[in-house]
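Participant:
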Amino acid sequence: MLFSFINMKLRDQYASLDLLCEDLNIDKEQLISQLSAAGFEYNAELNKFW
Numbered sequence: 001m002l003f004s005f006i007n008m009k010l011r012d013q014y015a016s017l018d019l020l021c022e023d024l025n026i027d028k029e030q031l032i033s034q035l036s037a038a039g040f041e042y043n044a045e046l047n048k049f050w
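Under my numbering, think of the first position of the sequence shown as 1, with each following residue one higher.
(1) Sort LEU46, ILE6, ALA37, SER33 by Cα distance to LEU24 and report the nearest one.
(2) Which of the three DSSP states is assigned to ASN43 in this structure?
(3) One question on the structure: do LYS48 and LEU20 come within less than 8 angstroms of each other, judged by their Cβ atoms?
(4) What span of residues does the alpha helix (DSSP H) with MET1 cover, start to end?
(5) Taking the DSSP output, what are the residues bridged to LYS48?
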């Protein structure tokens with residue numbers, strides 16, 4: 001669910017993960033760690049987790 005929510009926000013509202021984390025007051029490294037533990041990694045070029 002977190003994966004889908006973050007990718008939706010990145011697709012619809014934010015040009016980068018940095019902007020999303022800053023605006024929503026999310027710890028970027030913790031978010032990356034949580035999604036990495038579930039098997040996803042962030043691709044900055046595509047601006048999405050996959």
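Built from N, CA and C at the ideal position, the CB exists for glycine as well. The structure presented is a predicted model; accordingly, all values stated were derived computationally and were not measured.
Facilitator: Looking at the atomic coordinates:
(1) ILE6
(2) strand
(3) no
(4) Unbroken run through MET1: none, as it is neither H nor E.
(5) ASN43
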